[in-house]
Each structure stands twice: as C-alpha cells, then as structure tokens.
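Let me begin by presenting the structure, written as structure tokens, before commenting on it.
In full-length UniProt numbering, the protein residues as written are 1 to 140.
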C-alpha cells in the first residue's frame, strides 16, 4: 500500500467527506436567493417534496411559500401569474423553471434574463416534473 500513514483507505470511509464537499459547492450556486414558486408545484402536492423545491434548497436558495419583500426570484411555470406580476412590479427576477434546472445542471447561477417563464394560457395546469418530463441540459 502506497498511502501515507493515517491517510483514509478510500471506499465508503472516504465518501462522506466527498459528499459533504460536493454539497457545500452546490449550496453556493444560489446562495442569497429567495425563491417563490408559481404554477410549478401542483396544488395538493407537498411543496417541500417537489423536485423544484428540493433542487432550489440543494443549490443554496431559501424558498418562501408567500410573496414577501425577502423574495428575490419568482420561478414561474407560466408568464402572467399574479405572483409573476407582483415580482415584476417590484423589480424582482421572474424566471421560468428552466432557469432553476439549468443552474442545477451547470452548477452555476445562470443569467435570469435568458430564462423567461413560458407563455402558457392562465387556465393551464401547473407544470409537473418527472424523470420523463425534465428537459435536457443546454450545452454551450
């Protein structure tokens, strides 16, 4: 064995340190961001269990259940919702779900203006996320 004395043996014993380091790096991606979702999490679903909520937290954002001055970003499944209009009237970022997904895929905060919410009729159902419906990451 060519390891230095006292060095970890690798395998499962070394993994918790790596996992913690990766998690710490990912938490920096959206540090300081406070997200409010609109038309992303279906009514009746536990918000904290939804993929988008969990991803935002994993990337270091706080998530608000209500519109408050602390909110910095509204992640909207459709343009023109009450929450999206509220945010825009206060100079807060209004982005589509793709912005959050791209931040997660690329491990960096993407420019908000490049990811507007989709123009969807106001009576459309909230966007649901599953492995089958997640968009592929952008390349380049």
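All C-beta atoms, glycine included, are put in the ideal place defined by N, C-alpha and C.
Everything numeric in this text was worked out from a predicted model, so none of it was measured.
Residue from the options with nearest C-alpha to residue i
i          : options              : result
residue 28 : 113, 112, 108 and 52 : 108
residue 62 : 83, 82 and 30        : 30
residue 69 : 98, 36, 46 and 75    : 36
residue 38 : 114, 66 and 90       : 66
Same chain only: Cβ atoms within 6 Å of residue i, ignoring 5 sequence neighbours per side
i           : result
residue 50  : 41
residue 113 : none
C-alpha distance - residue i paired with residue j, whole-angstrom precision
i           : j           : result
residue 60  : residue 53  : 11 Å
residue 26  : residue 17  : 14 Å
residue 83  : residue 24  : 30 Å
residue 106 : residue 57  : 16 Å
residue 48  : residue 75  : 15 Å
residue 15  : residue 88  : 43 Å
residue 33  : residue 73  : 7 Å
residue 86  : residue 111 : 20 Å
residue 46  : residue 90  : 28 Å
residue 19  : residue 102 : 21 Å
Close beta carbons around residue i, own chain, < 7 Å, minus the five adjacent residues each side
i           : result
residue 55  : 100 and 104
residue 118 : 78, 79 and 96
residue 81  : 38 and 39
Sequence-distant residues of its chain with Cβ nearer than 8 Å to residue i (five each side left out)
i           : result
residue 116 : 79, 94, 95 and 96
residue 64  : 34, 35, 36, 70 and 71
Local Cβ density within 10 Å of residue i, reported as buried at 16 or more and exposed below that
i          : result
residue 22 : exposed
residue 92 : buried
Any non-hydrogen atom of the ligand HEM within 6 Å of residue i CB
i          : result
residue 57 : Although the ligand HEM was asked about, the structure shown includes no ligands whatsoever.
(message) Going residue by residue through the UniProt domain "BRCT" (25-117), where are the continuous alpha helix (DSSP H) segments of at least 4 residues, counting only ones entirely within it?
(response) Scanning the UniProt domain "BRCT" (25-117) for uninterrupted alpha helix (DSSP H) segments of 4 residues or longer gives 51-58, 82-89 and 97-106, listed from N- to C-terminal end.
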